[in-house]
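Chains as they are written, first to last, in the working numbering: chain A, 154 to 266; chain B, 417 to 528. For every residue, glycine included, the Cβ atom is placed at its ideal position computed from N, Cα and C.
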Amino acid sequence: QQQVKQSPQSLIVQKGGISIINCAYENTAFDYFPWYQQFPGKGPALLIAIRPDVSEKKEGRFTISFNKSAKQFSLHIMDSQPGDSATYFCAASIETSGSRLTFGEGTQLTVNP
Amino acid sequence: ETGVTQSPTHLIKTRGQQVTLRCSSQSGHNTVSWYQQALGQGPQFIFQYYREEENGRGNFPPRFSGLQFPNYSSELNVNALELDDSALYLCASRRTPREAQHFGDGTRLSIL
Numbered sequence: 154q155q156q157v158k159q160s161p162q163s164l165i166v167q168k169g170g171i172s173i174i175n176c177a178y179e180n181t182a183f184d185y186f187p188w189y190q191q192f193p194g195k196g197p198a199l200l201i202a203i204r205p206d207v208s209e210k211k212e213g214r215f216t217i218s219f220n221k222s223a224k225q226f227s228l229h230i231m232d233s234q235p236g237d238s239a240t241y242f243c244a245a246s247i248e249t250s251g252s253r254l255t256f257g258e259g260t261q262l263t264v265n266p
Numbered sequence: 417e418t419g420v421t422q423s424p425t426h427l428i429k430t431r432g433q434q435v436t437l438r439c440s441s442q443s444g445h446n447t448v449s450w451y452q453q454a455l456g457q458g459p460q461f462i463f464q465y466y467r468e469e470e471n472g473r474g475n476f477p478p479r480f481s482g483l484q485f486p487n488y489s490s491e492l493n494v495n496a497l498e499l500d501d502s503a504l505y506l507c508a509s510r511r512t513p514r515e516a517q518h519f520g521d522g523t524r525l526s527i528l
């Protein structure tokens, strides 16, 4: 059962533009929502994470928006750079149940110079 | 640098064989999780160990097993390898349940 659905599958953005990736979840028990960035040949690296007690979290050029009632959350990358070209994964977990991460299918982001 | 080291980086096996993948975590990282990432997909949770005991398992058969050692290293063992086991196997560790999981760069396993 796919519990976290991610879209789009791929995204092409011009340098300086805004990249937006969306995720939707089904399990209302999820209480931790991280985003990971993965480069070819590397493991996922944590970018930013949010818990459902806030609706938005910003760290540098990266912002998570969270809509608890819609069971959706999204990643916004402002001023996108060619170095941001990577695969992005949203994930969700239940922290009180051991924190196993359920990942989305991934979005391959390409930022053109 | 996450402090999580996996070995080997690449491995080729044939169907029916057995394989052991290794992970070394930072000191104090009591929780280690293993994930399988098929090509073009998100990682899938295999199982988790806390203080040397399994305390959570995903939808994987018993031929996937693990060990965690007191020196913060761990192993993933897979018996009776199948073609569908070809994937990137990721290890992730953390100190406390509230901390983010830090991933290694994985072992690429190919089954012929």
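Pairing A:E212 with B:P513 gives a Cβ-Cβ distance that is not under 7 Å. Under a criterion of Cβ atoms nearer than 9 Å, the residues of chain B adjacent to A:F242 are, in order, G458 and P459. Closest in alpha carbon position to B:E417, among B:R467, B:L525 and B:F519, is B:F519. For A:K195, the neighbours in chain B by C-beta distance under 7 Å run, in chain order, D521. Between the C-alpha atoms of A:Q191 and B:Q460 there is a straight-line separation of about 15 Å. Between B:D500 and B:L525 a beta carbon distance of about 11 Å is seen, past the 8 Å cut, so the two are scored as non-contacting. For the beta strand (DSSP E) assignment, the uninterrupted runs of no fewer than 3 residues enclosed by the stretch 448–521 of chain B are, from N- to C-terminal side, 460–466, 469–473, 480–484, 489–494 and 503–510.
The stretch 429–443 of chain B and the stretch 478–494 of chain B touch, with three or more beta-carbon pairs separated by less than 8 Å. Judged by DSSP in its simplified three-state form, A:E212 adopts strand. For a cut-off of 8 Å, the C-beta gap from A:A245 to A:V157 is around 5 Å, short enough to register as a contact.
The residue among A:F226, A:A177, A:V264 and A:C243 with its C-alpha nearest the C-alpha of A:D232 is A:V264.
DSSP, reduced to helix, strand and coil, places A:T260 within a strand of the structure shown.
A:I171 is classed as exposed because its beta carbon has fewer than 16 other beta carbons within 10 Å across all chains shown. For B:S440, the enclosing beta strand (DSSP E) covers residues V435 to S440.
A Cβ-Cβ distance of about 7 Å is found for the pair A:C176 and A:S227, placing them in contact under the 8 Å criterion. Rounded to the nearest angstrom, the gap between the Cα atoms of B:R473 and A:E209 is 31 Å.
As the crow flies, the alpha-carbon of B:G432 is around 15 Å from that of B:P478. Counting along the chain, A:A182 sits inside no beta strand (DSSP E), nor does DSSP assign it H or E at all. A:T240 and B:G522 have their C-alpha atoms some 16 Å from each other. When CB distances to chain B are screened at a threshold of 8 Å, the residues of the stretch 250–265 of chain A falling below it are S250, G251, S252, R253, L254, T255, F256, G257, E258 and G259, in chain order. For the stretch 497–515 of chain B, the beta-carbon criterion of a distance under 7 Å to any beta-carbon of chain A is satisfied by L506, P513 and R514. Rounded to whole angstroms, the gap between the alpha carbons of B:R467 and B:N493 is 18 Å.
The CB of B:S449 comes closer than 9 Å to the CB of G251, S252, R253 and L254 in chain A, given here in chain order.
Under the three-state reduction of DSSP, B:T425 is assigned to coil, being neither helix nor strand.
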